[in-house]
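S.K.:
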Amino acid sequence: MARQPVHSHALAAVGYSKRLRALEVEFVNGAIYRYSNVPPEIYHDLLVAPSRAHFYD
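For the sequence shown, the positions run 10 to 66 when our numbering is used.
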C-alpha cells in the first residue's frame, strides 16, 4: 500500500486502501502499524487533523 508523507512529530507517513479498508501508519522511528476495517472517513479525518499525532492518539 502506498503511503504519503505527513508533517508530524510522531508520524512519518500514512496510507489507506479502500479495497481492504486498511490504514497504515508509519512512525518516525520506522515502525509501521496496519489497522483493518477502518472507514475511509477516519483516514480523511487523520489527513486534515491539525495535529495528526494527537488525532492518532
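Idealized CB from N, CA, C, for every residue including glycine.
Please report the Cβ distance between Arg43 and Glu35, rounded to the nearest whole angstrom; I am assuming they are in contact, meaning their Cβ atoms lie under 8 Å.
M.R.: Rounded, the Cβ-Cβ distance is 10 Å, inconsistent with contact.
S.K.: Within 10 angstroms of its Cβ, does Ser60 collect 16 or more other Cβ (buried), or is it exposed?
M.R.: Per the 10 Å Cβ criterion, exposed.
S.K.: Could you give the residue range of the alpha helix (DSSP H) that holds Leu55?
M.R.: Counting along the chain, the alpha helix (DSSP H) containing Leu55 begins and ends at Pro49 to Val57.
S.K.: Considering only DSSP beta bridges, list what Val23 is partnered with.
M.R.: Note: Val23 sits in a beta bridge opposite Gln13 and Val34.
S.K.: Just mark Leu29 as buried or exposed, buried being the case when its beta carbon has 16 or more other beta carbons within 10 Å.
M.R.: Exposed: under 16 other Cβ atoms inside 10 Å.
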